[in-house]
Structures are given as C-alpha cells and as structure tokens.
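Participant:
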Amino acid sequence: MVTQRLAADEGGVTRAAEILRGGGLVAFPTETVYGLGADATRPEAVARIYAAKERPRFNPLIAHVDGLPAALAQGTFDGTARRLAEAFWPGPLTLVVPAAPGCTVCDLARAGLDSVGLRVPSHPFARALLAAVARPVSAPSANRSGRVSPTSADHVLGDLDGRIDAVLDGGETQVGVESTIVSCLGDAPRLLRPGGVPREAIEALLGRRLESVPGTGDGPLAPGMLASHYAPRARVRLDAAEIRPGEAALLFGPHSPSGTERAVAALNLSETGDLAEAAARLFSCLRRLDATGAEAIAVAPIPETGLGEAINDRLARAAAER
Ligand code: TXA
Ligand code: MG
1 MVTQRLAADE GGVTRAAEIL RGGGLVAFPT ETVYGLGADA TRPEAVARIY
51 AAKERPRFNP LIAHVDGLPA ALAQGTFDGT ARRLAEAFWP GPLTLVVPAA
101 PGCTVCDLAR AGLDSVGLRV PSHPFARALL AAVARPVSAP SANRSGRVSP
151 TSADHVLGDL DGRIDAVLDG GETQVGVEST IVSCLGDAPR LLRPGGVPRE
201 AIEALLGRRL ESVPGTGDGP LAPGMLASHY APRARVRLDA AEIRPGEAAL
251 LFGPHSPSGT ERAVAALNLS ETGDLAEAAA RLFSCLRRLD ATGAEAIAVA
301 PIPETGLGEA INDRLARAAA ER
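Here it is, written out as structure tokens:
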C-alpha cells in the first residue's frame, strides 16, 4: 500500500474524511500527538488499526468526536463528567464514561467494555476532519506498538509508511504528550493516565483530589499498555545526577549535571525550565538521542508538578524493564 501525505488544507481534510468513511486508515494531527484514525463504528476498520500498529488486542481505543453534542450521543455523562467536558474540551482530556444506549462506537474499539473513552481534540485540522467524517473516529497514537509517540508526520511515516492509507500533515504537534484520561464511572473520578491537562487544573475545577489508579497509567482499568510502552532502543536512566561515559543526556532547566560535556549528545527539553515546552519536545528529543546510537539515555530530574507528572510517567515507561 502507498501511504499518501495529504496537505492539511481543505482538500486534504476532504480526502482524509473520504478515506475514513470508506473504512481506511488516516493518521492526523491532534494537539497532543498524531492519532491513527479509523471509523469507530466499523469493526473491520478498527481491526486495521491493531494490525498496522501491531498492537496487542483488547485495548480500548479513544473515540474522537467534534464536540460535546456528539460526545453526549455516545456516552452517559454525570455531573462531574459534564463539568470536566465543559471546562477542558476541546482539549487534551479523555473522559471514560458509561456507553450511552445509542453508542455507535463498535465493541472492538471498546474492547468489549460497556464504557467508552471520549475526547474532543482542539487541533483545527482534527476538528475539521471529525466534522467532515461526522462519525466517531478511534485513534490511538500513530506509532508502532511499543515505540515513541509521533509528534510530526515524518515520525508517523517512519513507523507506518506503507501500512496506512494517508497521513494528514499538520506539522509539529503543540502539547507533545497524550491526553489526560479521567474515568467517570464510579462515585469519584479517577486519573487513569496523566497527560496534557495537569492534574492540578482538574482538582482545582472539581474542588477535590483525584485518586490515581495505581499501576495503571495505561494498565488494567485503562487496559492495554505495557509498562514499557514508550520505549526507545537505548536504555533510559532516570533522575541522573551525573552523565556517565557512553550516555546521551536529556536535560531540563538551566543547570547541567556533571559529565554533560562528555555526553554522546545532549539535548535540553527546556533551558528555562518550562514544563509545557518540555512536554512538547519530549518525544522528538528521545528519538533524536536514540538515533545517536548511545547505549543509554540519562535523564536529568524533572519536577513532578503540572505537566511534569505526564512527562515523568512517559519517561518511567521508557525506562521500564522490557
Ligand atoms: O492524546 C491522546 O489521547 C491520543 C491522541 C491521538 O488523541 N490518543 C491516545 O489514544 O493516546 P489511545 O487509544 O492510545 O489511548 C488508549 C487508552 C487506553 O489504553 C486506555 O488507557 C484508555 O485510553 N481508554 C480508552 N477507552 C477506555 C475505556 N472504555 N475504559 C478505560 N480506559 C479506556
Ligand atoms: Mg500510544
């Protein structure tokens, strides 16, 4: 199969929507990372996502829709879910809610669950595409399973060229880490995966602490992700106070750990210590350091506040035993 690179303009969006409505696979930019989209109502289209990514089955996928009305048709929102949706959509938040009686997201996309993960992305081309498709679109990150998430069309093609119908090229994504996932199934909302909306912003809105589901991030309740999901080829060493010989260095902030001068390569996520900038650069910096062939990537400490929680979550996965 030849993968088309479509310009993110009206013509490209129209073509991408046709492909999706015809059951094909299109990677498209969102504000977080590029998603690999398929018509969520067609199991044979959704099955092609798993095949292209070589993703283990039975992971529920996030269904993307173009606004709150479309989301309300798919899921049953309690008061908390509604407040979160109104405050953070469109944007990098996914809500897991009970599937509505008329939910058209197919069983395969929901991994057989009676809940559904819904998100309204804010990226203008994602929204234009979703409006043109006029159906929910399932879209995990557009990378092969176990690889680093893509933040540009070139990353997508590096992993999936020849395996998908098209990529809508919208340049670099803004946020750089995936959406925050909040489950609104029980009495209390729970954080299933830290991401682009900081926990603090959600807690401030709801006026309560968000319980994290231990060991999930993307695990059991949010089924599906292996601990080593975000894995470069190089070993990843966290909280590095010094850089050892043979290592590449991933830095944060104005101060460099000792030994940085002899690093195989060094990249700074944000010299000013700006966590939003760091999140946006995270995956592309990991890819670039990995490409140097260094045996290990040493990562300087990153604060656990705001977007730092999502950054550290992704880095912990990249560092996990595999
Ligand atoms: O930023 C993002 O969220 C990106 C972009 C493309 O939108 N998408 C993304 O999708 O990361 P995906 O399919 O990789 O996220 C799947 C995760 C699952 O592993 C699970 O954690 C959660 O979403 N999820 C989806 N539906 C769920 C459900 N019904 N119950 C529990 N977790 C669910
Ligand atoms: Mg992913």
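Numbering follows full-length UniProt numbering, in which position 42 of the sequence shown is assigned residue number 42; successive positions increment by one, without gaps. Backbone N, C-alpha and C define an ideal beta-carbon position, used for all residues, glycine too. Computed from a predicted model, the values in this text were never measured in an experiment.
(1) Would you say P194 and D313 are within 8 Å of each other, going by their C-beta atoms?
(2) Measuring alpha carbon to alpha carbon, tell me which residue in A17, E86, C106, E203 is nearest F125.
(3) Any idea if E309 is buried or exposed, counting beta-carbon neighbours within 10 angstroms, 16 or more meaning buried?
(4) Using 8 Å for Cβ pairs, my map puts T80 next to C184. What's the rounded Cβ distance?
(5) Does S258 pass the burial test, meaning 16 or more other C-beta atoms within 10 Å, or should it be called exposed?
(6) In chain order, what are the residue ranges of uninterrupted beta strand (DSSP E) at least 3 long that sit wholly in the region 235-293?
(7) State yes or no: is the C-beta of P140 nearer than 7 Å to some heavy atom of the ligand TXA?
(8) Measuring alpha carbon to alpha carbon, tell me which of G176, T151, Q174 ends up nearest V167.
(9) At a threshold of 7 Å, does S212 count as lining the ligand TXA (C-beta to nearest heavy atom)?
(10) If you measure between the beta carbons of D169 and L282, is that distance less than 8 Å?
(11) Judging by CA-CA distance, which residue of D154, A109, V2, V116 is the nearest neighbour of G75?
(12) Leaving out five residues on either side along the sequence, give the residues of the same chain with a beta carbon under 8 Å from the beta carbon of P43.
(13) Consider the C-beta atom of R61 and the heavy atoms of the ligand TXA; say whether any pair is separated by less than 7 Å.
(14) Which one of G171, I202, R147 has the shortest CA to CA distance from D154?
(15) Is L130 close to the ligand TXA? I mean its beta-carbon at under 7 Å from any heavy atom of the ligand.
(16) What are the boundary residues of the alpha helix (DSSP H) that residue 349 is part of?
(17) Can you say whether G176 is buried or exposed, counting buried as having 16 or more other CB atoms within 10 angstroms of its CB?
(18) Is any heavy atom of the ligand TXA found at a distance shorter than 7 Å from the C-beta of residue 327?
Facilitator: Inspection of the coordinates gives the following:
(1) Looking up residue 194 in the sequence shown gives position 194. Looking up residue 313 in the sequence shown gives position 313. Taking 8 Å as the Cβ cut-off, P194 and D313 qualify as a contacting pair.
(2) Start at 1 with the first residue of the sequence shown, and residue 125 comes out as number 125. Closest by alpha carbon: A17.
(3) Walking along the sequence shown from the start, residue 309 turns up at place 309. E309 is buried by the Cβ-count criterion.
(4) One-based indexing of the sequence shown puts residue 80 at position 80. One-based indexing of the sequence shown puts residue 184 at position 184. Between C184 and T80 the Cβ distance is about 5 Å, and since that is below 8 Å, they are a contact.
(5) For the purposes of this step, residue 258 is taken as the residue at position 258 of the sequence shown. Classification of S258: exposed, given that the 10 Å Cβ count is below 16.
(6) 235-237, 247-251, 266-268
(7) Taking the sequence shown and counting its residues from 1, the one referred to as residue 140 is at position 140. Yes.
(8) Looking up residue 167 in the sequence shown gives position 167. For the residues G176, T151, Q174, the minimum Cα distance to V167 belongs to T151.
(9) As a first step, residue 212 must be located in the sequence shown, where it is residue number 212. Answer for S212: no, Cβ out of range of the ligand TXA.
(10) As a working note, residue 169 is residue 169 in the sequence shown. As a working note, residue 282 is residue 282 in the sequence shown. Not a contact, by the Cβ cut-off of 8 Å.
(11) As a first step, residue 75 must be located in the sequence shown, where it is residue number 75. Here the closest residue by C-alpha is V116.
(12) Taking the first residue of the sequence shown as 1, we reach residue 43 at position 43. Taken in chain order, the residues that qualify are C106, D107, L108, A109.
(13) Taking the first residue of the sequence shown as 1, we reach residue 61 at position 61. Per the sequence shown, the amino acid found at residue 61 is Leu instead of Arg. Indeed, a heavy atom of the ligand TXA lies less than 7 Å from the Cβ.
(14) Looking up residue 154 in the sequence shown gives position 154. Nearest C-alpha to D154: G171.
(15) Indexing the sequence shown from 1 puts residue 130 at position 130. The answer is no for L130.
(16) No information on residue 349 is available, as it lies outside the stretch 1 to 322 that the chain covers here.
(17) Position 176 of the sequence shown holds residue 176. The residue in question, G176, is buried, as its Cβ has 16 or more Cβ neighbours within 10 Å.
(18) An answer regarding residue 327 cannot be provided, because it is not within the stretch 1 to 322 covered by the chain.
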